[in-house]
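Below is one structure, written out as structure tokens; the observations come after it.
4 protein chains.
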Amino acid sequence: MHALTPKMTAEDVNIFLGRAFPQLNNDSSDYLATDVFPGGCTVRLNAGDRHLRPGNTVSGPSLFTLADIGGYVCVLTHAGPDALSVTTNLNINFMRRAEAGPIDGHCRILKLGKSLMVFDIAMTAGDGGPVVAQATGTYSIPPRKP
Amino acid sequence: MHALTPKMTAEDVNIFLGRAFPQLNNDSSDYLATDVFPGGCTVRLNAGDRHLRPGNTVSGPSLFTLADIGGYVCVLTHAGPDALSVTTNLNINFMRRAEAGPIDGHCRILKLGKSLMVFDIAMTAGDGGPVVAQATGTYSIPPRKP
Amino acid sequence: MHALTPKMTAEDVNIFLGRAFPQLNNDSSDYLATDVFPGGCTVRLNAGDRHLRPGNTVSGPSLFTLADIGGYVCVLTHAGPDALSVTTNLNINFMRRAEAGPIDGHCRILKLGKSLMVFDIAMTAGDGGPVVAQATGTYSIPPRKP
Amino acid sequence: MHALTPKMTAEDVNIFLGRAFPQLNNDSSDYLATDVFPGGCTVRLNAGDRHLRPGNTVSGPSLFTLADIGGYVCVLTHAGPDALSVTTNLNINFMRRAEAGPIDGHCRILKLGKSLMVFDIAMTAGDGGPVVAQATGTYSIPPRKP
Chain A
0 MHALTPKMTA
10 EDVNIFLGRA
20 FPQLNNDSSD
30 YLATDVFPGG
40 CTVRLNAGDR
50 HLRPGNTVSG
60 PSLFTLADIG
70 GYVCVLTHAG
80 PDALSVTTNL
90 NINFMRRAEA
100 GPIDGHCRIL
110 KLGKSLMVFD
120 IAMTAGDGGP
130 VVAQATGTYS
140 IPPRKP
Chain B
0 MHALTPKMTA
10 EDVNIFLGRA
20 FPQLNNDSSD
30 YLATDVFPGG
40 CTVRLNAGDR
50 HLRPGNTVSG
60 PSLFTLADIG
70 GYVCVLTHAG
80 PDALSVTTNL
90 NINFMRRAEA
100 GPIDGHCRIL
110 KLGKSLMVFD
120 IAMTAGDGGP
130 VVAQATGTYS
140 IPPRKP
Chain C
0 MHALTPKMTA
10 EDVNIFLGRA
20 FPQLNNDSSD
30 YLATDVFPGG
40 CTVRLNAGDR
50 HLRPGNTVSG
60 PSLFTLADIG
70 GYVCVLTHAG
80 PDALSVTTNL
90 NINFMRRAEA
100 GPIDGHCRIL
110 KLGKSLMVFD
120 IAMTAGDGGP
130 VVAQATGTYS
140 IPPRKP
Chain D
0 MHALTPKMTA
10 EDVNIFLGRA
20 FPQLNNDSSD
30 YLATDVFPGG
40 CTVRLNAGDR
50 HLRPGNTVSG
60 PSLFTLADIG
70 GYVCVLTHAG
80 PDALSVTTNL
90 NINFMRRAEA
100 GPIDGHCRIL
110 KLGKSLMVFD
120 IAMTAGDGGP
130 VVAQATGTYS
140 IPPRKP
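As given, the protein sequences belong to chains A, B, C and D, one line each in that order. Position 119 of the first sequence, counted from 1, bears residue number 118 in numbering that gives the first Met the number 0, the numbering being contiguous throughout. Position 116 of the second sequence, counted from 1, bears residue number 115 in numbering that gives the first Met the number 0, the numbering being contiguous throughout. Position 70 of the third sequence, counted from 1, bears residue number 69 in numbering that gives the first Met the number 0, the numbering being contiguous throughout. Position 75 of the fourth sequence, counted from 1, bears residue number 74 in numbering that gives the first Met the number 0, the numbering being contiguous throughout.
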């Protein structure tokens with residue numbers, strides 16, 4: 000894989016997300032980037048009441064959203080903030096119940112091409128906890144306007 | 000495939016969802032079942048402001064939620080309301096932008112086994128509109144207590 | 000979806016496959032197209048000894064190959080025979096055991112864009128038999144040379 | 000994740016595969032296990048002429064087979080050789096062309112439950128080469144007979 004160099008920090012990303020997707024967090028910090036590094040990033044869901052299903056389990060859609068954001072932060076930081084990228088495919092496996100609290104998404108770029116980025120993400124409950132869900136996805140990167 | 004007979008109507012399902020997942024709709028009817036038939040169901044997302052991304056496009060997580068609910072309604076109506084089923088895998092392809100308004104999810108059971116149900120769902124914008132997203136998923140059905 | 004018009008018949012496809020992929024069938028007709036229609040196609044695997052696993056079940060890789068060929072025939076017939084298309088993603092669910100004999104793959108195009116085609120395929124054992132496997136996939140269509 | 004302890008070595012696995020799946024390799028060693036460790040394994044495809052597509056690229060079905068074998072070796076070594084396990088789902092992304100030669104599949108168990116095992120596998124061209132394909136899959140583990 001050729002060298003992957005991020006063009007934004009986690010702090011830059013959180014400011015960008017707050018402007019571009021204000022409804023994502025509703026003035027809280029439910030979803031945020033905690034690290035950006037060459038070839039990947041770490042994102043976090045601070046799972047609270049509104050992300051839980053009966054039984055106090057973090058819901059599937061909340062974990063899907065975390066996976067999708069992980070991919071988006073990878074595209075944003077590695078392909079540039081002007082990219083109007085969209086998810087074209089996402090495959091997710093749910094493996095264990097997760098309770099309220101932080102869920103960390105460890106995301107890496109598997110391929111960054113001209114028109115597609117492929118990534119995977121392992122979501123763990125807390126620091127070093129077991130993998131609760133794993134996803135693989137593809138973002139379509141639109142052609143740059145000359 | 001052996002005969003598949005639903006044990007609940009769409010109306011039964013909506014009453015059940017309102018009790019079991021009150022946070023899903025927040026006193027509105029964003030997500031609901033509109034039809035249940037042997038081997039499948041139709042579910043609907045009435046996409047409003049809170050389901051949109053910048054550009055007024057229905058968000059990926061909102062369509063994922065619709066797909067997940069379609070599978071859940073299939074399990075609920077065909078395997079029984081006491082089943083504590085959970086999604087184990089969901090693969091979704093996003094194909095076209097969808098604007099605010101009704102999105103219909105046409106869901107069918109591909110396999111109903113003792114411990115797994117496999118389904119697919121085609122999501123169309125409005126009545127007879129193009130397919131905006133398609134998903135395939137698996138629900139794990141826990142063993143019945145004797 | 001805008002009108003989809005195939006540019007080749009099933010017979011054209013089989014002649015093309017025999018030339019382009021001689022190793023696929025080794026002078027037999029294990030994999031072939033049986034129908035091409037607007038927006039989709041039907042492909043067949045005549046499953047014999049070399050496609051079986053212990054227990055006389057058609058192997059996963061043989062069904063994967065049928066799914067992949069179904070998508071390829073869709074691209075070939077609808078986007079043109081000069082397209083150097085490649086599979087970028089394929090998700091397959093295996094649902095029932097299949098024995099030796101014909102397996103029909105009912106394949107439809109979910110989206111035909113400029114750079115991507117998305118399809119799904121339901122594979123049935125014999126004519127009108129149960130679905131033994133279902134797959135969804137994406138082909139990348141390279142830009143045409145001017 | 001609770002401790003995962005393999006019950007067979009790579010050598011044991013290759014002897015087992017040769018007996019149980021003689022048609023896999025046809026007296027050659029196209030597909031083999033090269034390492035088994037707690038929580039995962041490494042498998043190899045020695046890609047030769049019969050695994051190539053036009054353009055001298057390793058075919059999708061050959062890489063799918065490698066992914067499927069990686070999962071099977073994980074089940075076999077960690078859940079026991081008497082398990083009649085079958086693949087229920089496999090999602091694969093193809094990212095780069097691979098030429099003839101060894102392809103290594105780095106496979107790890109994401110979850111080993113009573114009835115399901117989830118795994119992922121990154122396939123690299125040669126030692127330390129780029130990832131040519133990545134897959135995630137589920138094996139169903141049948142209940143043990145008492």
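We put the CB at the ideal spot given by N, CA and C, even for glycine.
is_contact[residue i, chain D] using C-beta, thresh 8 Å
i	result
C/Arg-95	no
B/Leu-115	yes
A/Thr-8	no
A/Asp-119	yes
C/Ala-32	no
Neighbour flag for residue i against chain A, beta carbons, 8 Å
i	result
B/Leu-89	yes
B/Pro-80	no
B/Pro-37	no
Reduced DSSP category for residue i - H, G, I as helix; E, B as strand; rest coil
i	result
C/Asp-126	coil
C/Phe-15	helix
D/Leu-23	helix
B/Thr-8	coil
D/Ser-28	coil
C/Gly-38	coil
Neighbour flag for residue i against chain B, beta carbons, 8 Å
i	result
C/Asn-55	no
A/Phe-15	no
A/Asn-92	yes
C/Asp-126	no
Any chain C beta carbon closer than 8 Å to residue i
i	result
D/Thr-86	yes
D/Met-0	Residue confidence for D/Met-0 is low, a pLDDT of 44 falling below 50, so the modelled location carries little weight and cannot support an answer.
Chain G contact for residue i (CB, 8 Å cutoff)
i	result
C/Met-122	Judged by its chain identifiers, the structure shown contains no chain G, and its protein chains are A, B, C and D.
Any non-hydrogen atom of the ligand SAH closer than 7 Å to residue i Cβ
i	result
C/Lys-113	What this structure holds is no ligand at all, so the ligand SAH is not there to describe.
Beta carbons nearer than 8 Å to chain B: which residues of the segment 98-111 of chain C have them? Residues Leu-109, Lys-110.
Tell me the start and end of each unbroken beta strand (DSSP E) in the segment 40-119 of chain B that is at least 3 residues and wholly inside, in chain order. 85-93, 100-111
Compile a chain-ordered list of the residues in the segment 128-142 of chain C whose CB is closer than 7 Å to at least one CB of chain A. Thr-137
Taking beta-carbon pairs under 7 Å, can you tell me which members of the segment 57-71 of chain D lie near chain C? Gly-59, Pro-60, Phe-63, Thr-64, Asp-67
Using a Cβ-Cβ cut-off of less than 9 Å, list which residues of the segment 37-51 of chain D approach chain C; keep chain order. Asp-48, Arg-49, Leu-51
Could you say if the segment 88-97 of chain D and the segment 59-72 of chain D meet the contact criterion of at least three C-beta pairs nearer than 8 Å? With contact defined as three or more Cβ pairs closer than 8 Å, the segment 88-97 of chain D and the segment 59-72 of chain D are in contact.
Answer yes if the segment 12-28 of chain D comes into contact with the segment 107-125 of chain C, meaning at least three C-beta pairs across the two stretches below 8 Å, and no otherwise. no
Using 8 Å as the cut-off, can you tell me whether the segment 32-48 of chain B makes contact with the segment 6-18 of chain B, which would need three or more C-beta pairs spanning the two stretches below that distance? Taking a cut-off of 8 Å for Cβ pairs, the segment 32-48 of chain B and the segment 6-18 of chain B touch, as three or more such pairs fall below it.
At least 3 beta-carbon pairs within less than 8 Å: the segment 99-110 of chain A vs the segment 5-14 of chain B: no
At least three beta-carbon pairs within less than 8 Å, the segment 64-79 of chain A to the segment 127-138 of chain A: yes
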